[in-house]
Amino acid sequence: MNGDSLEKLFNYYTLKVAKGHRTITEYYLSVNEKCYELLSRDNKMSELLNKEGSDELCESYPYKIAYPTHIKNYPSLVSSCKDHRLRNRFPVPVVFYKDKYVCRSSTIRNYLKDKEYECDCKTLKSLSISSIFNFMIEKNRDKEEYKATTESVKKEHYPDLHQFLMPYPGVKFFIQYKRNNYRADSLFYNYDHPRNKVQLTIPIDFENVKQYHVLPITEITGLYLRTMLRVLANPMQNKHSSIVLHCLSGWDRTPMYITFLRASLWADGVAHQSLSTQEMLYLIVGYDYFLFHHQLKYRLQIEAELFRFTFNFLPKMIGKEFSIFSFEKDSKGPTEEQLKTRKTKLLGLQEEFFKYYEKNKNLIDIISHNY
0 MNGDSLEKLF NYYTLKVAKG HRTITEYYLS VNEKCYELLS RDNKMSELLN KEGSDELCES
60 YPYKIAYPTH IKNYPSLVSS CKDHRLRNRF PVPVVFYKDK YVCRSSTIRN YLKDKEYECD
120 CKTLKSLSIS SIFNFMIEKN RDKEEYKATT ESVKKEHYPD LHQFLMPYPG VKFFIQYKRN
180 NYRADSLFYN YDHPRNKVQL TIPIDFENVK QYHVLPITEI TGLYLRTMLR VLANPMQNKH
240 SSIVLHCLSG WDRTPMYITF LRASLWADGV AHQSLSTQEM LYLIVGYDYF LFHHQLKYRL
300 QIEAELFRFT FNFLPKMIGK EFSIFSFEKD SKGPTEEQLK TRKTKLLGLQ EEFFKYYEKN
360 KNLIDIISHN Y
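Per numbering that gives the first Met the number 0, the sequence shown starts with residue 0, numbered consecutively.
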């Protein structure tokens, strides 16, 4: 991995990938292949091919999807149940920690039949998922092009799942982030807005969350991340229980939190142990955002810079309160040396990101002003 590879990825992603479904080019496939290799470096993975045409599983997912080799029935379940989630964005395991997975998906479709909910549950069970983290601010979304709901509304179909309702503003909220000169500590989301129909619900005794609605967006972000880390370290059912994250479509808020979890576990040395800083950045930008269809060019055109916010938040994660060692039952917490390494890796990841992001800044501004 070298700087040229990252620079090419940033240039391609920023300038050539427009709103809409994926466009599979030779370069797209090369990025997909590199990300698959990075994921396989420290994990035994198999490939699920998401071809175009009649065999296509989801038009906004990677061509080659990585999944743990030992989940033998995953491909067949996905093929049968892919239509049951919005835009066919079925659950995919993307981060791996101690035989547990952090999965990503969209929310469920509304008006499914009982057998279809049952099929969706089988997919979740195949991934050992016991907890759902839902970032939606609405309970239902009923538009002409899609009709969506959440597991909490249809909880009778998901009786064995622990549901964490974590309302978080959508991508257009981050237009304010740019207008506030990228100062997130003074940004607040209006939880009293009529559109916000969801109350924060955490089914465990964890921190004081009663005043969450008056916290700035940075503190809300940190609160949610710490909750996920705690559940990942101490699963709700058994030691192998996994989690799934989703917002509405699963391509804005979801990759942000996938990035936080991936980077945090990597900084602690418990995931992606063999990856360098540049390789970690390539995996995050290439897989978590680009291949899973965060529409960066369109987001930049409307000045909704959630992508930038993600990497601006990394320095806030350097402390022990975000280390997985602070949540593991038999751990005394991170050592001073572990915290020092954690800080170095997270700050290095942020620095590497802005090295390439800033190179495109003039082009990014042109995109915004010409939209």
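The beta carbon of each residue, even a glycine, is placed where N, CA and C say it ideally should be. Here the structure is a predicted model, which means the values were calculated and not measured.
CA-CA distance, PRO61 to ASN139, rounds to 27 Å.
When the beta-carbon positions are compared, LEU37 and LEU290 stay at least 8 Å from each other. In terms of Cβ geometry, PHE321 and GLN337 do not form a close pair [threshold 8 Å]. Leaving aside the five residues that flank LEU5 on each side, the residues in its chain whose CB is nearer than 7 Å to its CB run, in chain order, GLN277, LEU280, TYR281, TYR355.
Residue pairing by DSSP places MET44 opposite PRO67 in a beta bridge.
Look at the beta carbons and you see the region 306-321 touching the region 202-221: at least three pairs across the two are nearer than 8 Å. Beta-bridge pairing by DSSP links THR200 to LEU164. For LYS99, the enclosing beta strand (DSSP E) stretches over residues 99-104. For a cut-off of 8 Å, the C-beta gap from HIS161 to MET227 is around 12 Å, too long to register as a contact. Around the Cβ of HIS20, a 10 Å sphere holds fewer than 16 other Cβ atoms; the residue is exposed. Under DSSP, the beta-bridge partners assigned to ASP141 are LYS146. The residues ALA303, GLU304, LEU305, PHE308, in chain order, have a CB closer than 7 Å to that of PHE173 in the same chain once the five nearest residues on each side in sequence are set aside. Counting of Cβ neighbours within 10 angstroms places TYR181 among the exposed residues, the total staying below 16. The shortest C-alpha to C-alpha distance from LEU264 to any of TYR96, SER59, ASP54, ASP41 is the one to TYR96. In the DSSP assignment, PRO92 falls outside any alpha helix (DSSP H) and within the unbroken beta strand (DSSP E) covering 91-96.
According to the DSSP secondary-structure assignment, HIS245 is paired through a beta bridge with SER104, ASN133. Annotated three-state conformation of ILE219 is helix, per DSSP.
In this structure the region 188-206 does not touch the region 67-74; the number of beta carbon pairs closer than 8 Å is below three.
Nearest to MET44 by alpha-carbon distance, out of PRO92, LYS153, PHE353, HIS245, is PRO92. Per the coordinates, the alpha-carbon of LEU85 lies some 12 Å from the alpha-carbon of TRP250. In this structure, ARG108 lies near HIS83, with their beta-carbon atoms less than 8 Å apart. Relative to CYS80, the option among ASP113, ASP98, ALA65 whose CA is nearest is ASP113. Secondary structure note for TRP265: its alpha helix (DSSP H) is the uninterrupted segment 252-266. Note that the C-beta distance between PHE134 and CYS246 is below 8 Å. In this model, LEU76 and ASN49 are separated by some 14 Å (Cα to Cα). Excluding sequence positions up to five before and after TYR190, its CB lies within less than 6 Å of the CB of HIS212, all in the same chain and listed in chain order.
Per DSSP, the beta-bridge partners of ARG84 are ILE107.
Around the CB of LYS344, 16 or more other CB atoms lie within 10 Å, so the residue is classed as buried. If you check the CB distance, LEU186 and PRO215 come in under 8 Å. Selection PHE353, HIS271, LEU299, LYS342 evaluated against ASP41 yields HIS271 as nearest (Cα-Cα). ILE136 counts as buried, since at least 16 other C-beta atoms from the protein chains shown sit within 10 angstroms of its C-beta. Where LEU313 is concerned, there is no enclosing alpha helix (DSSP H), because DSSP gives it neither an H nor an E.
The three-state reading of DSSP puts ILE23 in coil, since its state is none of H, G, I, E or B. Shown here for CYS118: same chain residues with a beta carbon closer than 7 Å to its own, the five before and five after excluded, namely SER79, CYS80, HIS83 in chain order.
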